[in-house]
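Novice: In terms of the working numbering, the sequence shown opens at residue 16 and continues consecutively.
Even for Gly, the Cβ is constructed at its ideal location relative to N, Cα and C.
Being a predicted model, the structure only gives us computed values, none of them experimental.
Got a structure for you, questions after.
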Amino acid sequence: LGNSNARGISQGLISRGIDSVGFTMPGGTIPYLTSRVKHITSPDTPNCVLLMAGDIEAANGLPPEMICARLDHLVKETRRQFPWSRVLLSGLPQTGNNHRQNTLREVNPHLEKISSNDRLVEYLDNSRARLRDNIHLSNLSKEKLCLNVSHIVKKFSL
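Structure representation (structure tokens):
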């Protein structure tokens with residue numbers, strides 16, 4: 016579940032033998048993604064739910080503490096909708112913009128802290144991911160993210 020940066024992730028996971036359904040909402044802010052979570056249904060409980068959010072807020076200059084509060088709410092709603100699924104939190108990718116770099120330095124540790132407080136939440140360090148246009152993940156970064164997610168999914172599917 017995510018904004019345009021999540022585009023193609025589901026197909027990348029399928030190509031690695033992971034059953035996957037993607038919910039990509041281009042331009043989706045954290046509040047919008049949060050509002051959509053309750054509408055996502057699945058006949059089976061998914062092993063994992065990948066969340067990719069926060070980069071739009073960072074690009075728009077939202078204060079890190081507000082981004083963190085919104086991400087907290089997104090995780091809470093995702094856990095409510097999928098109580099037995101592992102939630103994977105993708106960290107914010109780096110960018111050349113100094114303000115966004117400072118935001119990343121505050122938000123990513125917060126995501127890591129969320130994961131340390133809940134055994135069904137896991138942080139994916141995406142801070143080394145590269146952007147192709149200062150907004151979207153490069154294809155190589157998406158490939159690396161899919162590889163990391165597939166390892167986690169396979170580890171917890173045994």
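Excluding sequence positions up to five away, which residues of its chain have a Cβ less than 8 angstroms from the Cβ of L104?
Specialist: As a first step, residue 104 must be located in the sequence shown, where it is residue number 89. Taken in chain order, the residues that qualify are L66, L86, V90, L126, I129, S130, V136, E137, Y138, L139.
Novice: Suppose you measure from the CA of L119 to the CA of L107; what does that come to, to the nearest Å?
Specialist: The residue labelled residue 119 in the question sits at position 104 within the sequence shown. The residue labelled residue 107 in the question sits at position 92 within the sequence shown. Cα-Cα distance, rounded: 6 angstroms.
Novice: Go ahead and label P98 buried or exposed: buried means 16 or more other beta carbons lie within 10 angstroms of its beta carbon, across all protein chains shown.
Specialist: As a working mapping, residue 98 is identified with position 83 in the sequence shown. It counts as exposed.
Novice: Between which two residues does the alpha helix (DSSP H) harbouring S165 extend?
Specialist: Taking the first residue of the sequence shown as 1, we reach residue 165 at position 150. 154–171 is the extent of the alpha helix (DSSP H) around S165.
Novice: Nearest CA to the CA of L28: which residue from E92, S153, C161, M81?
Specialist: Along the sequence shown, read from residue 1 onward, the residue named residue 28 stands at position 13. Per the Cα distances, C161.
Novice: May I have the straight-line CA-CA distance separating F167 from P78, to the nearest angstrom?
Specialist: As a working note, residue 167 is residue 152 in the sequence shown. As a working note, residue 78 is residue 63 in the sequence shown. Per the sequence shown, residue 167 should be read as Ile rather than Phe. Their backbone Cα atoms lie some 31 angstroms apart in a straight line.
Novice: How should D34 be labelled, buried or exposed, when 16 other C-beta atoms within 10 angstroms of its C-beta is the threshold for buried?
Specialist: If you number the sequence shown from 1, residue 34 lands on position 19. Exposed, because fewer than 16 other Cβ atoms sit within 10 Å of the Cβ of D34.
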